[in-house]
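First the structure, in the form of structure tokens, and then the observations on it.
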Amino acid sequence: IGGVKASVDLGALSVDHLEEMAEEDYKALKGSNCMPTILPSCSFFLGIPYGPAKRMIEEGLPLALATDYNPGSTPSGNMNFVASLGCIQLKMTPEEVINATTINTAYAMGVEKELGSICIGKKANLFITKPIPSYAYLPYSFGHNVIEKVMVAGKLQ
166 IGGVKASVDL GALSVDHLEE MAEEDYKALK GSNCMPTILP SCSFFLGIPY GPAKRMIEEG
226 LPLALATDYN PGSTPSGNMN FVASLGCIQL KMTPEEVINA TTINTAYAMG VEKELGSICI
286 GKKANLFITK PIPSYAYLPY SFGHNVIEKV MVAGKLQ
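Residue numbers (the numbering used here): 166 to 322.
Pasting the structure below:
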């Protein structure tokens, strides 16, 4: 109800809770620097509609996925579950989910120059999986932790 346009007009990096969007919301986001962010685990926990991820993608908008981790609407910070919901409920492809949970999320937080992708000069925050058939397996493996090692700032944890 006007929150998306206000976020864009005020120069917000991101706008969240996009479970319902009006036509003017898509128009406001197009060409802006504001990252639309969908919170699928919030929708799951509260039993509310999931955000229109496929429509956003069809409209040419980038999109981030996040947890909304808090005791009232999402008592889980499990990004693997968010990625799974991205594919299962939002009908995103694994590639779209990986982008939405890495570089696009880094952009939504204003840290895309140092995090969010594997590039020279960026911090090496990444995970190494157990053997899996394909990267496309990541979002489909909910309930099963495929992460074997975690690296933060280039150091194994």
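Every residue, glycine too, gets a C-beta built ideally from N, C-alpha and C.
Residues bridged to residue i [DSSP beta-bridge criterion]
i	result
Asn-235	Thr-239
Residue i, buried or exposed, once every other Cβ within 10 Å from all chains shown has been counted against 16
i	result
Cys-284	exposed
Leu-175	exposed
Gly-216	buried
Pro-240	exposed
Ala-265	buried
Residue i and residue j closer than 8 angstroms at C-beta
i	j	result
Ile-312	Phe-292	yes
Ala-273	Thr-202	yes
Leu-230	Met-200	no
Leu-250	Phe-209	yes
Asp-233	Ser-206	yes
Of the residues the options, the one placed nearest residue i, counting alpha carbons only
i	options	result
Tyr-191	Ile-166, Asn-243, Ile-213	Ile-166
Pro-227	Ala-318, Pro-298, Lys-278, Ile-263	Ile-263
Asn-319	Leu-280, Lys-219, Lys-170, Met-244	It should be pointed out that residue 319 corresponds to Gly in this sequence rather than to Asn. Residue Leu-280 is the option with its Cα nearest to Gly-319.
Gly-275	Asn-198, Val-315, Asn-290, Glu-184	Asn-198
Straight-line gap, residue i to residue j (C-alpha atoms, nearest Å)
i	j	result
Glu-223	Ile-253	18 angstroms
Thr-294	Pro-214	32 angstroms
Phe-307	Leu-204	16 angstroms
Asn-235	Gly-212	16 angstroms
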